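Below is one structure, written out as structure tokens; the observations come after it.
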Amino acid sequence: MKSTIAWIATIFVMASGAAPAMAADWGGVKDMGGGVPIPVPAPAPVPTYDADSDWYIGLSLGGNLSTDATLRDSDPNMPVRNSSDLPLSETFGLMFGRYITPSLRWDVAIDYTPNFNLIDGMTSYSTSNAFGDQFNVSRDDTVKLSRTTALFSLLYDIPTGTRFTPYLGGGVGISWRRLQRSYTEYSCDATADPTCSPSTTPTFRGSDSKNQINVAAAVQAGVSTDLTDSIVWDNGWQMLWESGGISIDGNSVFGNNRLTFKDSVVQQFRSGIRLKFD
């Protein structure tokens, strides 16, 4: 009997010493749920996206690496460039956007390409007008094209677990193209004298400009690099498609001289910095 009481007392003392430790581990007796200890899980973090966060702005520099387009002039003698010899041209851009999720974002990007030449320089040739009269012509003609695009794009950042993040995307918007033309033409009537030289007095001289807005679309791909938590270095490629064509006229002894630029697909490279506001 004394032995049994001793064992009960020993067990009671051990239980009394263990109770405070259990209470500390399980949040107290009130959390034990009828004698069965139930741990309280920590709440999982939930990402939030509010109107004052997850925005970014950016600046970029780049270039039009190639342009696949149709260029035609109503006078076949004009030295019009084609897709293979259109010059490379720089681009300047700015953007702003927002992350919809940690991987999906939208942005609005505005890019400007300054003037580059479609026709440039002096050319000499012989031609005839609509009445069959022959002329020797010397013409100094310059046609320049510039463009401004505004695109709304959706882009998907591919998680890699590193500071390098590839992305893919596409966008639609508008392309505002502007043609500027300046020309001076000298000619002489070669009907009677095929060897005549163009006079030093201009036969035609003029300048004009044409503006046109068309629908544009693009696909994009690139890699962004996290320089800091809020600064991202973005290097990307874009293929830009512009609908419709734009034309500009100029007077000539040949008749109305019209140059048309259409069906353009431009391959562009851009590099820039994005600043995130979290």
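The sequence shown runs 36 to 313 under the working numbering. Cβ atoms here follow ideal geometry from the backbone N, Cα and C, with glycine treated the same way. Predicted, not measured: the structure shown is a model, and the values here were computed from it.
Item, Value
"So, at 6 Å on beta carbons, what are the nonlocal neighbours of V300 in its own chain, with the 5 sequence-adjacent residues on each side left out?", "D103, W276"
"Mapping the DSSP letters down to three states, classify D264 as helix, strand or coil.", "coil"
"Pair every Cβ in the segment 252-261 with every Cβ in the segment 106-117, then say whether three or more of these pairs are closer than 8 Å.", "no"
"Within the continuous beta strand (DSSP E) that includes P149, where are the two ends?", "139-163"
"Rounded to the nearest angstrom, what separates Y160 and S242 at their Cα positions?", "21 Å"
"May I have a chain-ordered list of the beta strand (DSSP E) segments no shorter than 3 residues that lie completely inside the segment 162-240?", "169-192, 199-224"
"Do you know offhand how far P122's Cα is from F151's?", "7 Å"
"What is the DSSP secondary structure of S119, reduced to helix, strand or coil?", "helix"
"Determine the direct distance from the alpha carbon of G196 to that of S244, and round the result to whole angstroms.", "51 Å"
"Any idea what DSSP makes of I92, helix, strand or coil?", "strand"
"Considering only residues of the same chain and omitting the five flanking positions on each side of K65, which have a CB-CB separation below 8 Å?", "With a pLDDT of 45 at K65, under the threshold of 50, the modelled position of this residue cannot be trusted; read the value that follows with caution. Cβ neighbours of K65 beyond the five flanking positions: none."
"With DSSP as the reference, label S259 as helix, strand or coil.", "strand"
"For W268 versus F304, is the C-beta distance shorter than 8 Å?", "no"
"Can you grab the Cα-Cα spacing for the pair M130 / K297, in whole Å?", "27 Å"
"Output the distance between the C-alpha atoms of R107 and R293, rounded to the nearest integer angstrom.", "8 Å"
"Take S282 and list the residues in its own chain whose beta-carbon comes closer than 6 Å to its own, dropping the five residues that flank it on each side.", "R293, T295"
"Taking 6 Å as the limit between beta carbons, can you name the residues of its chain near G307, skipping five residues before and five after?", "G93, L94, S95, D269"
"According to DSSP, is G280 part of a helix, a strand, or is it coil?", "strand"
"Out of L203, S138, G98, T162, which has the shortest C-alpha to C-alpha gap to T230?", "T162"
"According to DSSP, which residues form a beta bridge with A253?", "G206, L275"
"Kindly indicate the opening and closing residues of the beta strand (DSSP E) around M130.", "124-134"
"I need the straight-line Cα distance from S265 to G97, nearest angstrom please.", "22 Å"
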